[in-house]
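Asker:
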Amino acid sequence: MTYEIEIGRGKRGRRAYSLDDIAIVPNRRTRDPQDVSVSWQIDAYRFEMPVIAAPMDSVMSPATAVELGRLGGLGVLDLEGLWTRYEDPEPVLAEIASLDGDPSSPAVTRRLQELYSQPVDPELITSRLAEMRASGVTVAGALTPASTLRHYKTVLAAGVDLFVIRGTTVSAEHVSKNQEPLNLKKFIYELDVPVIVGGAAGYTPALHLMRTGAAGVLVGFGGGATTTTRRALGIHSPLASAISDVAAARRDYMDESGGRYVHVIADGGMGTSGAIVKAIAMGADAVMLGSALARSLEAPGRGWHWGAEAHHPDTPRGERVNVGTVGPMEEVLFGPGHHADGTSNLVGMLRRSMATTGYSDLKEFQRVDVVVSPHASR
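Residue 167 is where the sequence shown starts when you use my numbering, and the numbers rise one by one after that.
#1: Between the Cα of leucine 375 and the Cα atoms of Ser403, Val428, Thr393, which residue gives the shortest distance?
#2: Find the nearest neighbour of methionine 495 within the set Leu528, His477, Ala460, Met515, judged by alpha-carbon distance.
#3: Where does glutamate 214 sit, in a helix, a strand or coil, going by DSSP?
#4: Does the Cβ-Cβ distance between valine 536 and alanine 189 come in under 8 Å?
#5: Between the region 390 to 409 and the region 358 to 372, are three or more C-beta pairs nearer than 8 Å?
#6: Quick check: what's the CA-CA separation for valine 341 versus glycine 386?
#7: Taking DSSP as the reference, what is the three-state secondary structure of glutamine 532?
#8: Quick one, are the C-beta atoms of threonine 378 and isoleucine 354 less than 8 Å apart?
#9: Here's the rule: buried if 16 or more other CB atoms are within 10 angstroms of the residue's CB, otherwise exposed. What is proline 540?
#10: Hey, out of Leu348, Val258, Val225, whose CA is closest to leucine 243's CA?
#11: Grab me the residues of valine 489's own chain with a C-beta within less than 6 Å of its C-beta, minus the 5 sequence neighbours each way, in chain order.
#12: Along the chain, where does the alpha helix (DSSP H) that runs through methionine 298 open and close?
#13: Whole angstroms is fine: what's the gap from glutamine 532's alpha carbon to valine 286's?
#14: When you compare each of Thr230, Ile218, Glu172, Arg483 to glycine 391 by their alpha carbons, which one comes out closest?
#15: For the alpha helix (DSSP H) holding glycine 235, just list the boundary residues, first then last.
#16: Using DSSP with H/G/I as helix, E/B as strand and the rest coil, what is phenylalanine 329?
#17: If you run the structure through DSSP and keep just helix, strand and coil, what is arginine 178?
#18: What's the call for aspartate 411, buried or exposed, on a 16-neighbour Cβ count within 10 Å?
#19: In the DSSP assignment, find the alpha helix (DSSP H) that holds leucine 279 and state where it starts and stops.
#20: Could you please give the first and the last residue of the uninterrupted alpha helix (DSSP H) stretch that includes aspartate 411?
#21: Between which residues of its own chain and isoleucine 171 is the CB-CB distance below 7 Å, once the five residues before and five after are set aside?
#22: On the DSSP bridge assignment, give the partners of methionine 454 in chain order.
#23: In whole angstroms, what is the alpha-carbon distance linking threonine 230 and leucine 281?
#24: So the candidates are Val492, Thr491, Ile409; which of them puts its Cα closest to the Cα of leucine 373?
#25: Output needed for aspartate 327: all residues of its chain with C-beta closer than 7 Å, excluding positions within five of it in sequence on either side, in chain order.
#26: Where do the ends of the alpha helix (DSSP H) carrying glycine 354 lie?
#27: CA-CA distance, valine 258 and proline 199?
#28: Taking methionine 515 as the reference, which of Glu530, Glu497, Lys529 has the closest Cα?
#29: Can you tell me the Cβ-Cβ gap for aspartate 433 and methionine 454, rounded? I've got them flagged as a contact below 8 Å.
#30: What separation, rounded to the nearest whole angstrom, lies between the Cα atoms of glycine 425 and tyrosine 419?
#31: Have a look at arginine 486 and glycine 467 and give me their C-alpha separation to the nearest angstrom.
#32: DSSP three-state call for valine 191: helix, strand or coil?
#33: Using a Cβ-Cβ cutoff of less than 7 Å, which residues in the same chain neighbour glycine 174 once the five nearest sequence positions on both sides are dropped?
#34: In this structure, how does DSSP classify glutamate 246 when only helix, strand and coil are distinguished?
#35: When we look at the beta-carbon of serine 270 and count the other beta-carbons within 10 Å, is it buried (16 or more) or exposed?
#36: With DSSP collapsed to three states, give me the class of glutamate 253.
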């Protein structure tokens, strides 16, 4: 039951929960981990694990996207990142990793803004996607809503299998006096490839995004390891409640549309295996990971992690943070784990949690019992 809390005489608010606030409860049945399936399919594309890499320069390069695809996940390249601004971004990535200063240092932010002021080169979009396609993996690229109309034809001509429109928040009804806004419903209808769009932070915005024809909706707002959205904008949506709300929108949209299923993808704030497990328990079909994969040896960030919010030219609301290195990507995802903090063997931990609670696949696991617990993160 949803209820509101009186904050003061003039304002009421709903209690919302983060993933740290909840815990999964075992039931009467268990099963062997090898009998558990963690595969996931969106549209015609099947993956051996429900893991999507966030389109962030510290996480994904064409090479790491290919490696993740080889391992059974989906790598999404940021088509407005360093790989489409510089012919050789390696010196730039090395410089970012070597910058002195704490995460909130104005000097670090200023240098990031300078490095990202180089314009996006459409020819580099084409060549990076071609490099990924040549490997034979599923190809996915991401644009922000503001840049989608400018670059989408280049992206489609280069040949993507999945197209991602990702922003801090994306609405189906953007109002602007300065420019013609992106009509998501018309845009998606005219494309021949599945579109994943987001983020959405609640039931109503997610339902409207589903009505645009999106194949998947990203859920999250300001919860990632690198964002300062809550401090900078005062906006935050605890992820456990947000996922549950969007999963409810998925259910109602299925009834409304006569059975069309839209995938719910949790995005941000899942740096450990426990958070991934709980996101799926709350109703997510898959997870989009940033910091968890930025810790791999292959990650372009060299142990550092940052997002597009960190270099916004006018309103930066993110930081470059040190996440360290755990091991090769394969070890981060499948083990063997050498860290007891949930940062390695992410998929193995998901599989074990599902086995411990007796569920055989991801859809079943969405029905697992959860409790609200002040010590759920321990």
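Yeah, the Cβ is synthetic: ideal placement off N, Cα and C, and Gly gets one too.
Answerer: In short, the structure shows the following:
#1: Of Ser403, Val428, Thr393, the residue nearest in Cα terms is Val428.
#2: Comparing Cα-Cα distances from methionine 495 to each of Leu528, His477, Ala460, Met515, the minimum goes to Ala460.
#3: Three-state DSSP puts glutamate 214 in coil, outside helix and strand.
#4: Here valine 536 is near alanine 189, since their CB atoms are less than 8 Å apart.
#5: Note that the region 390 to 409 touches the region 358 to 372; at least 3 beta-carbon pairs, one per stretch, sit closer than 8 Å.
#6: Residue placement at valine 341 cannot be trusted, given a pLDDT of 45 that sits under 50; the coordinates are not used to answer.
#7: Coil, per DSSP.
#8: Contact check for threonine 378 against isoleucine 354 passes: the beta carbons are separated by less than 8 Å.
#9: The residue in question, proline 540, is exposed, as its Cβ has fewer than 16 Cβ neighbours within 10 Å.
#10: Leucine 243 has its Cα closest to that of Val225, out of Leu348, Val258, Val225.
#11: Exclusion of the five residues before and after valine 489 leaves Ser457, Ala460, Arg461, His471 as the residues of its chain whose Cβ lies within less than 6 Å of its Cβ.
#12: Counting along the chain, the unbroken alpha helix (DSSP H) around methionine 298 starts and ends at 288 to 300.
#13: Rounded to whole angstroms, glutamine 532 to valine 286 spans 40 Å at the Cα level.
#14: In the sequence under discussion, the amino acid at residue 391 is alanine, which differs from the glycine named in the question. The residue with the shortest Cα to Cα distance from alanine 391 is Arg483.
#15: From DSSP, the alpha helix (DSSP H) with glycine 235 extends over 228 to 237.
#16: Looking at phenylalanine 329 - three-state DSSP - the assignment turns out to be strand.
#17: DSSP places arginine 178 within a strand segment (E or B) once states are collapsed to three.
#18: A residue is called buried once 16 or more other Cβ atoms fall within 10 Å of its Cβ, and aspartate 411 is buried on that count.
#19: Reading off the sequence, residue 279 comes out as glutamine, not leucine. Its alpha helix (DSSP H) spans residues 272 to 281.
#20: From DSSP, the alpha helix (DSSP H) with aspartate 411 extends over 405 to 423.
#21: Exclusion of the five residues before and after isoleucine 171 leaves Arg178, Gly179, Arg181 as the residues of its chain whose Cβ lies within less than 7 Å of its Cβ.
#22: For methionine 454, the beta-bridge partners assigned by DSSP are Ile218, Asp433.
#23: Approximately 22 Å, taken between the alpha carbons.
#24: Per the Cα distances, Ile409.
#25: Excluding sequence positions up to five before and after aspartate 327, its CB lies within less than 7 Å of the CB of Tyr211, Thr304, Val305, Ala306, Val359, all in the same chain and listed in chain order.
#26: According to the sequence provided, residue 354 is isoleucine. The question's glycine does not apply to it. Secondary structure note for isoleucine 354: its alpha helix (DSSP H) is the uninterrupted segment 350 to 356.
#27: Cα to Cα, valine 258 sits roughly 43 Å from proline 199.
#28: Looking at the Cα atoms, Glu497 is the closest of the given residues.
#29: 4 Å between Cβ atoms; contact.
#30: If I take the Cα positions, the gap works out to 8 Å.
#31: The alpha-carbon of arginine 486 is positioned some 10 Å away from that of glycine 467.
#32: Three-state result, valine 191: coil.
#33: Nothing meets the Cβ criterion.
#34: If DSSP states are grouped into helix, strand and coil, glutamate 246 belongs with coil.
#35: Per the 10 Å Cβ criterion, exposed.
#36: Coil, per DSSP.
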